[in-house]
Each structure stands twice: as structure tokens, then as C-alpha cells.
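J.: Pasting a structure below so you can have a look.
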Amino acid sequence: MRVGVLTGGGDCPGLNAVIRAIVRKGERSWGDEIVGFLDAWDGVRERRTIPLTVESMRGSLPKGGTVLGTRRGSPFDDPDGVSEVRATVDDMGLDGIIVIGGNGSLSVACKLHDEHDLPVVGVPKTIDNDIVGTEMTFGFNTAVQIATDAIDRLHTTAESHDRVMVVEVMGRHSGWIATQAGIAGGAAVVLIPEQPFDIDEVCARIVRRHERGRYASIVVVAEGALPKEGSFDIGRREVDRFGHVRFGGIGYLVAEEIGRRTGFETRPVLLGHVQRGGTPTAFDRVLSTQFGVAAIDAVHAGAWGQMVVARGPGVELASLEEAVGRTRYVDMSLYEGVAQIFFA
Ligand code: F6P
19 MRVGVLTGGG DCPGLNAVIR AIVRKGERSW GDEIVGFLDA WDGVRERRTI PLTVESMRGS
79 LPKGGTVLGT RRGSPFDDPD GVSEVRATVD DMGLDGIIVI GGNGSLSVAC KLHDEHDLPV
139 VGVPKTIDND IVGTEMTFGF NTAVQIATDA IDRLHTTAES HDRVMVVEVM GRHSGWIATQ
199 AGIAGGAAVV LIPEQPFDID EVCARIVRRH ERGRYASIVV VAEGALPKEG SFDIGRREVD
259 RFGHVRFGGI GYLVAEEIGR RTGFETRPVL LGHVQRGGTP TAFDRVLSTQ FGVAAIDAVH
319 AGAWGQMVVA RGPGVELASL EEAVGRTRYV DMSLYEGVAQ IFFA
């Protein structure tokens, strides 16, 4: 078979490991030719490709980023977009395209399949871990480890100076990274998008902690966390040209409020894209490899309109329709039942 591969949306540690596994299984076991499209859907529409071979992917397993480049945006944004995608598939004699992407890219893949009968298979990707249908996305474990390492380092400096450190982590709609890194890093407070917070309560917890003689505190806040109505004003959030709210900044506002209301010296730390960069953890390399192998097998099974998903120890297939337009929120038994036990 001749199979196209693209990476779409934000990058994520493990993308190269997925591509490498697709190529390895495709070339060696199925005798496939794998074509890489550069810069997501732009590369499909403009036929910008590179050959992907076992040889060209050598050494890519531990590398962060994506050898294919990535973009946001969709062929549906342009009146000619879908016909250009179809023409590429037909003219290049492709049997299918594997789309490695997050909610946005998987929605596009689903629509191309359901409404335009294009042969696509999805691989769910995001450090946010918020895709419905899969118990885990690759990149998440790496992001949690990076955030935990940062929190560990912040503990020692916070304790030396008797400071409150507010650490902002990624997580637009769900607080998976915040919750897991908060538990792993021993945070005094974790704020997540799923549960609007009351700044008075946050400050009261930190004051209580100080009264008990703990003068340093770590507060972890997910970028998408919001104060309860009337709690405090965070102003307006900017929107980028794809309509995405531009996050990054709630940590500064929370730190300022805590400092102002409690009088404790409080510093913000925004981890930002550090969480998405660099080498994937061993866990993510394994999951990415499992996903890549399952994706090329799905192509050979003709499982169009499906995506590979982690379920238990293995990888299964699920309908793209099951995932798109929905968010996988933090399991409240983890947030309320475990993380909150350790809140100040
Ligand atoms: O969706 C993954 C993610 O890393 C989010 O956590 C974050 O809000 C967003 O991407 C950042 O996107 P960009 O790199 O386009 O600023």
C-alpha cells in the first residue's frame, strides 16, 4: 500500500516515535511505501512530501518535535481545501492517510471521512490528555514528568525564601497535567478548569498552612482554570486567528492576588512550552510505538474513520466520531478523592 502520514496541531513528545513505528511495521511487515506530508494539511493540499523509510527515521525514537512539521488550520477553512486533499490522494495513488493529531485534527479527519468518504485513520495526540475514547494520549506522561521536576526544584527555593510559588501548567479544558503533577510534586493547592476556584478559599488554605508553620507553598494552576463568578476579575482572554483562546497568564494573576490578599511573598512560574519540548519519557515512547504499529495495521484492516486508542494494557480501535467535539475531563475521584486530601 501507499500510505500518507501527517502530524497536526501542537507538537508533542512521541510524534517521531509514532511515525517511526508506522514506517517500521509498514515497510518491513507489510511492504508499504510511507509518504510524509509536511506541515499538516498544508502539505497535503500543496503536495509537499518527504519519503519516510526505516533508514530516514533512524535515531528519531528519542527526539522531541516532529520530523514532518506541524500546523493548526484545516482544509475546511478554504473553499478549495477539500478538493485539493482529494486530488492529492487520487493523483498520488494513496490508499489512505494516517492523521496524528489532537481534537482539531481528528475532527477534520472525521469530517473528511464521514462527509467526503476519504480514507483516514487517526492517532490521538496531546499533552493535555483530554481526548475522549482513549485512556491516555502520548506526550502527557512526559509533560507531567517535566512539570513534576520543575515543582521539585521550586520546593527548595520556595522553602529557602518562605515564598509561595504559583506554577502554571498547560491544560486548556482539562486539568490532567495540573492534577497529576500536583499530586506527584506535593502541591498545597491545585486549580483546574473542571472546578472554578474561589480565591478567598485558596488564600485561606495558604494562611492556615502558614499558621501551622509551613511557610512555603506550591500552588499548581492549569492554564484554563477560572475563578468562580465574582471571585476576582481576570480580564479578557485573547483569541488567535484559528479562534483558539490564547492561554498563559492565569498563574500571574493568581500569584498577584495571593500576594496582595495574604501579604506573603508570592512568585509566578509559567512552564509553557517547556512541557512540550524535548525527549519523550520511556512510557510515552512505548505508547507511541504501540499507537504507530496499531495505526498501520488499521490501514491494512481498512478501518477508515477509526482511531487507535489505549485501553488497559493494549491498543484498540474506536470511531473518530466518538472522540470529536468532546473533552475528557479529569477523573474527580483523582482530584477530589486523592489530590484534595493533601491540600493545605
Ligand atoms: O493542546 C495542547 C496545548 O499544548 C495546550 O495545552 C496549550 O494550550 C496549547 O497547546 C498551546 O498551543 P500553541 O503552541 O499553539 O500556543
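Numbered per the numbering used here, the sequence shown spans residues 19 to 362. In this text, a Cβ means the ideal position worked out from N, Cα and C, and glycines have one as well. Note that the coordinates shown come from a computational prediction; the quantities given were computed from them, not determined experimentally.
1. Expressed to the nearest angstrom, what Euclidean distance is found between the alpha-carbon atoms of residue 281 and residue 267?
2. On the premise that residue 31 lies in contact with residue 294, defined as a C-beta separation below 8 Å, what is that separation, rounded to the nearest angstrom?
3. Enumerate in chain order the residues of its own chain whose CB-to-CB distance from residue 250 is below 7 Å, with the five nearest sequence positions on each side excluded.
4. At 4 residues or longer, and completely inside the region 26-80: list those alpha helix (DSSP H) runs for me, N to C.
5. Kindly indicate which residue of 72, 33, 61 and 34 has the alpha-carbon position closest to the one of residue 52.
6. To the nearest angstrom, report how far apart residue 364 and residue 230 are at their CA atoms.
7. Between residue 207 and residue 220, is the Cβ-Cβ spacing less than 8 Å?
8. From this set, 284, 257, 104 and 47, which residue's C-alpha is nearest residue 269's C-alpha?
9. Would you please state the rounded distance, in angstroms, between the beta carbons of residue 140 and residue 305? I believe it to be under 8 Å.
10. Whole angstroms is fine: what's the gap from residue 76's alpha carbon to residue 89's?
11. Near residue 41, what residues of its chain come up, given a Cβ to Cβ distance below 7 Å and the 5 sequence neighbours on each side ignored?
12. Comparing alpha-carbon positions, which option in 168, 178 and 189 lies nearest residue 204?
13. Can you tell me whether residue 311 is buried or exposed? The criterion is at least 16 other CB atoms within 10 Å of its CB, across all chains shown.
14. Count Cβ pairs between the region 315-325 and the region 161-181 that sit closer than 8 Å; are there 3 or more?
15. Please determine whether the Cβ atom of residue 212 lies at a distance below 7 Å from any heavy atom of the ligand F6P.
16. In angstroms, rounded to a whole number, what distance separates the CA positions of residue 247 and residue 215?
17. Could you say if the region 222-238 and the region 174-188 meet the contact criterion of at least three C-beta pairs nearer than 8 Å?
18. Does the distance from the CB of residue 112 to the CB of residue 46 come in under 8 Å?
19. Return the first residue and the last residue of the alpha helix (DSSP H) that residue 198 is part of.
20. Around the C-beta of residue 343, are 16 or more other C-beta atoms found within 10 angstroms, so that it is buried, or is it exposed?
21. Taking all protein chains shown into account, decide if residue 300 is buried (16 or more other Cβ within 10 angstroms of its Cβ) or exposed.
22. Look up residue 90 in the DSSP assignment and say whether it is helix, strand or coil.
23. Shortest alpha-carbon distance to residue 223 belongs to which of 50, 190, 358 and 43?
24. Would you identify the three-state DSSP class for residue 342, choosing helix, strand or coil?
25. In the DSSP assignment, the beta strand (DSSP E) including residue 284 goes from what residue to what residue?
T.: A quick look at the data gives this:
1. As the crow flies, the alpha-carbon of residue 281 is around 21 Å from that of residue 267.
2. Correct: roughly 7 Å between the Cβ atoms.
3. Answer for residue 250: 217 and 275, listed in chain order.
4. Taking only runs of at least 4 residues, the alpha helix (DSSP H) segments lying wholly in the region 26-80 are 33-42 and 59-64.
5. When only C-alpha atoms are compared, the closest one is 72.
6. No information on residue 364 is available, as it lies outside the stretch 19 to 362 that the chain covers here.
7. In contact: residue 207 and residue 220 (Cβ atoms closer than 8 Å).
8. Of the listed residues, the one whose Cα sits closest to residue 269 is 284.
9. Not a contact, Cβ separation roughly 15 Å.
10. Distance between the alpha carbons of residue 76 and residue 89: 24 Å.
11. Answer for residue 41: 52, 70, 71, 72 and 75, listed in chain order.
12. Ranking the options by Cα distance to residue 204, first place goes to 168.
13. Looking at its Cβ environment, which holds 16 or more other Cβ atoms inside 10 Å, residue 311 is buried.
14. With the cut-off at 8 Å, the region 315-325 and the region 161-181 do not touch.
15. A distance criterion of 7 Å places the beta-carbon of residue 212 beyond contact range of the ligand F6P, judged by its closest non-hydrogen atom.
16. One C-alpha to the other measures close to 9 Å.
17. Result yes; three or more Cβ-Cβ pairs closer than 8 Å.
18. Against a cut-off of 8 Å, the Cβ pair of residue 46 and residue 112 comes out as no contact.
19. In the DSSP assignment, residue 198 falls within the unbroken alpha helix (DSSP H) covering 194-203.
20. Flag for residue 343 reads exposed.
21. Residue 300 should be labelled exposed.
22. Assignment of residue 90 by DSSP, reduced to helix, strand and coil, places it in the coil class.
23. Distance from the Cα of residue 223 is smallest, within the candidate group 50, 190, 358 and 43, for 358.
24. Coil at residue 342, not helix or strand.
25. First-last of the beta strand (DSSP E) with residue 284: 284-288.
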